[in-house]
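The structure appears below as structure tokens.
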Amino acid sequence: MRYEDKLKWLEDHPPPCIHVHMDPAVRKEWVKGYRKDPAFKDKGKDTDESTWYHGTRFYKDKNGLLYFRDADFQARLCVPRNQRNALLSQIHDSPAELAHAG
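Sequential numbering from 3 applies to the sequence shown in this note's numbering.
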């Protein structure tokens with residue numbers, strides 16, 4: 003794809019968005035977790051939201067959180083291995099019972 007075509011494509015096809023709010027201390031632990039997780043440590047290097055194009059699957063936001071674009075180009079937040087149990091517990095045990103009832 004020519005550079006000019008890529009720019010035009012980006013204007014017409016902005017990446018889908020996901021909004022994530024996280025305590026700064028927790029976010030810092032996630033960013034550290036990505037560096038230690040073999041599945042993620044080499045992902046998203048030299049990519050960010052502004053350099054996204056349709057062939058890029060992994061990218062990092064301005065805070066260092068890592069995202070994966072699925073087959074429908076929907077952004078999915080990557081959860082480092084060292085944070086999975088804490089996240090599942092928080093979701094499962096929350097008063098809103100976000101995972102399921104019971």
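Ideal Cβ placement from N, Cα and C applies to all residues, glycine included.
Since we're looking at a predicted model, the values are computed, not measured.
Element boundaries [alpha helix (DSSP H), containing residue i]
i	result
Ala-88	83 to 95
Ala-27	26 to 38
Asp-14	5 to 14
First through last residue of the beta strand (DSSP E) which encompasses residue i
i	result
Leu-67	Where Leu-67 is concerned, there is no enclosing beta strand (DSSP E), given that its DSSP letter is neither H nor E.
Ala-77	77 to 79
Residue j beta carbon less than 9 Å from that of residue i
i	j	result
Gly-57	Arg-29	no
Ile-20	Ala-77	yes
Cys-80	Lys-43	no
Gln-85	Glu-31	yes
Val-22	Asp-48	no
Presumed contact (8 Å Cβ cut-off) between residue i and residue j, rounded CB distance
i	j	result
Pro-82	Asp-39	5 Å
DSSP beta-bridge partners of residue i
i	result
Phe-60	Phe-70
Buried versus exposed, by CB contacts within 10 Å (16 or more), residue i
i	result
Trp-11	exposed
Tyr-61	buried
Tyr-5	exposed
Leu-105	No statement about residue 105 is possible, as the shown extent of the chain runs from 3 to 104 and does not include it.
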